[in-house]
Amino acid sequence: MMIVHRDIKSSNVLLDGNFTPKISDFGLAKLIHDHGHADTHTQIAGTICYIAPEYGRLSPKADVYSFGIVALEIVTGKRVPNFIPKEDGVYVTDWVNRRLKETNLSEIVDPGLGSEYSSQEAYRTLKVALKCVHRLPHRRPKMSTVKEMLEG
Numbered sequence: 141m142m143i144v145h146r147d148i149k150s151s152n153v154l155l156d157g158n159f160t161p162k163i164s165d166f167g168l169a170k171l172i173h174d175h176g177h178a179d180t181h182t183q184i185a186g187t188i189c190y191i192a193p194e195y196g197r198l199s200p201k202a203d204v205y206s207f208g209i210v211a212l213e214i215v216t217g218k219r220v221p222n223f224i225p226k227e228d229g230v231y232v233t234d235w236v237n238r239r240l241k242e243t244n245l246s247e248i249v250d251p252g253l254g255s256e257y258s259s260q261e262a263y264r265t266l267k268v269a270l271k272c273v274h275r276l277p278h279r280r281p282k283m284s285t286v287k288e289m290l291e292g
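For reference, each letter of the sequence shown is one residue, going 141 to 292 in our numbering.
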């Protein structure tokens, strides 16, 4: 059975007492029917910056995209809704891609971590996250593959 969450974002990921992540708020993302028109229109409710480019075609690959955005937020310490790049028109995924190619990893990782992180794990997580946010859904890995890649 496939389960599609439709609104995976950092504020919907909670940690329990053992720091085990729990996905919450399954009821927020729902189908909305507009009965004000002769034709019934259906649109998806969710949080824009976490929604895959193929908005409207719900699938596990859309959740993989959202997971990738959350992973980028975790490593960079930048909240995607508040991300304002210095270069015009650059989204957080483009910013991370550029930085990985041209700069030191320490300029990408959340400065609040100081040196308290594994650069190998941070790099791996960023690379996996970028695979998750590929514009083409069929190029995104399955979550089981994401889990394997993150475990090394």
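A virtual CB, placed ideally from N, CA and C, is assigned to each residue, including glycine.
Only a predicted model underlies this, so the values are computations on that prediction, with no experimental measurement involved.
| Item | Value |
| --- | --- |
| Spatial neighbours of Q260 in its chain, beta-carbon cut-off 7 Å, leaving aside the 5 residues before and after | none |
| Distance between beta carbons of L245 and Y263, contact taken as under 8 Å | 6 Å |
| Three-state secondary structure assigned by DSSP to L276 | coil |
| Euclidean distance between Cα positions of W235 and V268 | 15 Å |
| Own chain residues within Cβ distance below 6 Å of T233, not counting five before or after | V273 |
| Coil, strand or helix - P281 by DSSP | coil |
| Between the CA atoms of C189 and V249 - distance to the nearest angstrom | 20 Å |
| Neighbourhood of P281 by C-beta distance below 6 Å, restricted to the same chain and skipping five residues each side | K271 |
| Residue(s) in a DSSP beta bridge with L270 | According to DSSP, which records beta bridges pairwise, L270 is partnered with nothing at all. |
| Buried/exposed call for T265, threshold 16 Cβ in 10 Å | buried |
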